[in-house]
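Line order of the protein sequences matches chains L and X.
The numbering of the first sequence is the numbering used here, which starts it at 1 and goes up by one.
The numbering of the second sequence is the numbering used here, which starts it at 1001 and goes up by one.
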Amino acid sequence: MTEFKRPDGRKVNELRKITAKVGVVPNADGSAIFGFGDTVAIAAVYGPKKMHPQHAQNPEKGTLRCTYNMLSFSVTERIRPGPSRRSQEISKITEWALQPVVMIDEYANQVVDVHINVLQANASTRCAGINAAAMALAQAGIPMKSLVSSVSIGKLDKQLVTDLIKEEEDWEEGEGPTDIPITLTGDGKISHIQLDGKISIKQLREAVKLAEGAYQQIHDAQVKALKEAASSEQEIQASSAKNVGGEEKK
Amino acid sequence: MITSDLTAERIREYLKEGKRFDGRKLDEFREIVVETGVSKNAEGSARVKLGKTEVVVGVKMDVSEPYADSKDEGNLMVTAEFLPLSSPRLDLGPQPFESLELARVIDRGIRESHYIDLKKLCIEEGKKVWTVMIDIYTINDDGNLLDAAGLGAVAALKDARIPGYNEETGKTKFGEWTDKKVALTKEVPISLTVHKIGDSFVVDPTKEEEDISETRVTICSYNGIVHSMQKGNSKELSTEEFNKVLDLIEKTEREIIKQVEKI
């Protein structure tokens, strides 16, 4: 069988270049930027803080609230600013993807807000958003069982591929495109899965396996970014401690 | 009203033994009743009952401009409204998120399976096409509105005939119909939802069961070919569990297809 050709020359199971950075919004309690190639999402976490409006408070446990939004100029044809039916659904999906790992039960009546914005879109925006959100939550010090890592598995005609780009989402040959965004938790469980397209149940099972393969690379990039941020924070703390110590000597 | 902890515990115990309160097996639907032509002024309509759950679905059509990326295709719009009359839990005011989600999940199932032959709904390329509006209303919510709505949408589409079109004015002749039906393909989007309750997997939950469902996976498929899927709620699924969900879908799909073929 001849090698399957992807428009950008990647191998079938090759991710785009990952960018991951933590601490990109100084005002936030935690923040991160995550990119798959040209798809870039930024996430900021505020909280735990008192839930407003009051009637939305849950006296039994803390609430995770995610808001996904695409900037109007993040796509080729401008999208109308403000929430859409699509963005409301993705916001909820993101909450569901993160809830299994976020341990905020003890923050009764409080909310942890996660704001996700897509700066630039070239498919897989919800996956990039979820990845950024997981990192931002970790940086904010929200207790978590693990990170989550999200990737889109695609089927172009009959071929399964990892990490779709827009051009592939619009695949016109053969059976056309199938898009399957999948989010996995640290213990390898599925916390989010969606699908659009045409695929047999048998191949769908394979797609989930393929996501497991991509998981490690994304997870590693997230951890690396978090570690880098933590060590630079330590350096700052260490140097300021030294300064304080120096003053005491005087 | 909301399932109590005690009832929840009992439901889980029953399920562990493969039993349900109403005597059904875990992979068994309630009685399915589908009627079409339930609202005269609609292009097509249907009422679906799953046990005590009931939805009505109507199809209306109107002439409009095509979207720029599909100049020779008709448009599809799906909306859902959870009527306050259908449950003591619903109030006037903004719709719950589930209503928006339901509409979007049904929309994707129909769209991705290409069930409606949208190319046949083009009147004049780039200028005039038919827009098919599928509106779903809940009449009584006793769980599994999603699958009821999916079945209702298919039934209403099968029932739909194209309205009259005034070529001079380019407008729809409301209240007049041609004898042409909306062109449908073979790939019927069968919507099936599997719920995880405790360690058990069930289809077609009652409201009581749905209340304690930890996660659900809705799949629109036809003969083992999946066109759309959505996992709802926050409980994670291991790969083995996910494969169990798929097994259950494969097993129950036959039954529902039989029902659809009767419409």
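Every residue, glycine too, gets a C-beta built ideally from N, C-alpha and C.
Hey, quick one: how far does the alpha helix (DSSP H) through W96/L stretch, first residue to last? Counted from its first residue, the first sequence places residue 96/L at position 96. Unbroken alpha helix (DSSP H) run through W96/L: R85 to L98.
State the Cα-Cα distance for the pair R16/L and E95/L, rounded to the nearest angstrom. Here residue 16/L corresponds to residue number 16 of the first sequence, with the count starting at 1. Here residue 95/L corresponds to residue number 95 of the first sequence, with the count starting at 1. Straight-line Cα distance between these residues: approximately 25 Å.
With a cut-off of 8 Å, does the C-beta of I1225/X fall near any C-beta of chain L? Within the second sequence, numbered from 1, the residue matching residue 1225/X stands at position 225. Interface residue, yes.
Note down, in chain order, every chain X residue with its Cβ under 8 Å from the Cβ of H192/L. Numbered from its first residue, the first sequence carries residue 192/L at position 192. Going along chain X in sequence order, the residues near H192/L (Cβ under 8 Å) are K1231.
Less than 8 Å between CB atoms is the rule here; does F1097/X satisfy it with respect to chain L? Start at 1 with the first residue of the second sequence, and residue 1097/X comes out as number 97. The beta-carbon of F1097/X is placed less than 8 Å from the nearest beta-carbon of chain L.
C-beta atoms of E168/L and P177/L nearer than 8 Å: Stepping through the first sequence from its first residue, residue 168/L is reached at position 168. Stepping through the first sequence from its first residue, residue 177/L is reached at position 177. Cβ atoms of E168/L and P177/L: closer than 8 Å.
In terms of alpha-carbon separation, which member of V102/L, Q99/L, P53/L and A121/L lies closest to E77/L? For the purposes of this step, residue 77/L is identified with residue 77 of the first sequence, where counting begins at 1. Closest option to E77/L, Cα to Cα, is A121/L.
For K1025/X, which beta-bridge partners are listed by DSSP? If you number the second sequence from 1, residue 1025/X lands on position 25. Residue pairing from DSSP leaves K1025/X without any beta-bridge partner.
Cβ of K250/L less than 8 Å from any chain X Cβ? Start at 1 with the first residue of the first sequence, and residue 250/L comes out as number 250. Confidence is the limiting factor: at K250/L the pLDDT is only 38, short of 50, which leaves the residue's position unreliable, though a coordinate-based value still follows. Interface annotation, K250/L: not in contact with chain X, CB-CB separation never under 8 Å.
Cβ atoms of T183/L and S150/L: under 8 Å apart, would you say? Reading the first sequence from its first residue, position 150 is the one you call residue 150/L. Reading the first sequence from its first residue, position 183 is the one you call residue 183/L. It is a contact, given that the beta carbons lie within the stated cut-off.
Does E206/L come within less than 8 Å of chain X when only Cβ atoms are used? Position 206 of the first sequence, counting from 1, holds the residue named residue 206/L. With 8 Å as the cut-off, E206/L does not count as an interface residue toward chain X.
Cα separation between K50/L and A128/L? Working through the first sequence from its first residue, we reach residue 50/L at position 50. Working through the first sequence from its first residue, we reach residue 128/L at position 128. Those two C-alpha atoms are separated by around 28 Å.
Where does S1064/X fall in DSSP's three states? Position 64 of the second sequence, counted from the first residue, corresponds to residue 1064/X. Taken through DSSP and simplified to helix, strand or coil, S1064/X comes out as strand.
T1079/X: first and last residue of the uninterrupted beta strand (DSSP E) it sits in: Position 79 of the second sequence, counting from 1, holds the residue named residue 1079/X. It spans N1075 to E1081 - the beta strand (DSSP E) in which T1079/X sits, taken as one unbroken run.
Is D8/L close to the ligand MG? I mean its beta-carbon at under 7 Å from any heavy atom of the ligand. The model depicted lacks the ligand MG and carries no ligand whatsoever.
Meets three-Cβ-pair contact criterion under 8 Å: the segment 1138–1153 of chain X and the segment 1221–1228 of chain X: With the rule of 3 Cβ pairs closer than 8 Å, the segment 1138–1153 of chain X does not count as touching the segment 1221–1228 of chain X.
Against L195/L, what residues of chain X qualify as contacts under a CB-to-CB distance less than 7 Å, listed in chain order? As a first step, residue 195/L is located in the first sequence; it is residue number 195 there, counting from the start. Ordered by position in chain X, the residues that pass the 7 Å Cβ test against L195/L are V1226, S1228 and M1229.
Nearest-angstrom beta carbon gap, L1015/X and L1076/X [assumed within contact, 8 Å]: The residue you call residue 1076/X lines up with position 76 of the second sequence. The residue you call residue 1015/X lines up with position 15 of the second sequence. Not really, about 37 Å apart at Cβ, beyond 8 Å.
What is the DSSP secondary structure of F4/L, counted as helix, strand or coil? Counting from one through the first sequence, the residue named residue 4/L turns up at place 4. Note: F4/L maps to coil in three-state DSSP.
Within 10 angstroms of the Cβ of I1002/X, are there 16 or more other Cβ atoms? Answer buried if so, exposed if not. On the second sequence, residue 1002/X is found 2 positions in, with the first residue counted as 1. When all chains shown are included, I1002/X counts as exposed.
Please state whether DSSP places V252/L in a helix, a strand or coil. Chain L is shown from 1 up to 250; residue 252/L falls before or after that span and cannot be answered.
Distance, S1200/X Cα to D179/L Cα: Locating residue 179/L in the first sequence gives position 179, where the first residue counts as 1. Locating residue 1200/X in the second sequence gives position 200, where the first residue counts as 1. Spanning the two alpha carbons is a distance of roughly 28 Å.
Can you tell me which of the three DSSP states Y107/L falls into? Reading the first sequence from its first residue, position 107 is the one you call residue 107/L. Reduced to three states, the DSSP call for Y107/L is coil.
Could you work out which residue in A28/L, D38/L and G197/L is closest to V287/L when comparing CA atoms only? Given a span of 1 to 250 for chain L in the structure shown, any question on residue 287/L remains unanswerable.
Give me the subset of the segment 1098–1114 of chain X whose CB atoms are less than 7 Å from a CB atom of chain L, sorted by chain position. Of all residues in the segment 1098–1114 of chain X, those with a C-beta nearer than 7 Å to a C-beta of chain L are L1100, E1101, R1104, R1108 and E1112, reading in chain order.
T125/L: buried (16+ other C-beta within 10 angstroms of its C-beta) or exposed? On the first sequence, residue 125/L is found 125 positions in, with the first residue counted as 1. T125/L comes out buried.
Return the CA-CA distance between E233/L and S240/L, expressed in angstroms with no decimal places. For the purposes of this step, residue 233/L is taken as the residue at position 233 of the first sequence. For the purposes of this step, residue 240/L is taken as the residue at position 240 of the first sequence. If you take the alpha carbons of E233/L and S240/L, they lie about 11 Å apart.
What would DSSP say about V1180/X, mapped onto helix, strand or coil? Taking the first residue of the second sequence as position 1, residue 1180/X is located at position 180. The sequence given here has Lys at residue 1180/X, not Val. DSSP places K1180/X in strand when its eight states are reduced to three.
Let me see if you follow: with CB-CB separation under 8 Å, is I199/L close to chain X or not? Here residue 199/L refers to the residue found at position 199 when the first sequence is read from its first residue. I199/L counts as touching chain X.
For the candidate residues A138/L, A44/L, N58/L and Q217/L, whose alpha-carbon lies nearest to that of C66/L? Indexing the first sequence from 1 puts residue 66/L at position 66. The option with the nearest alpha carbon to C66/L is A44/L.
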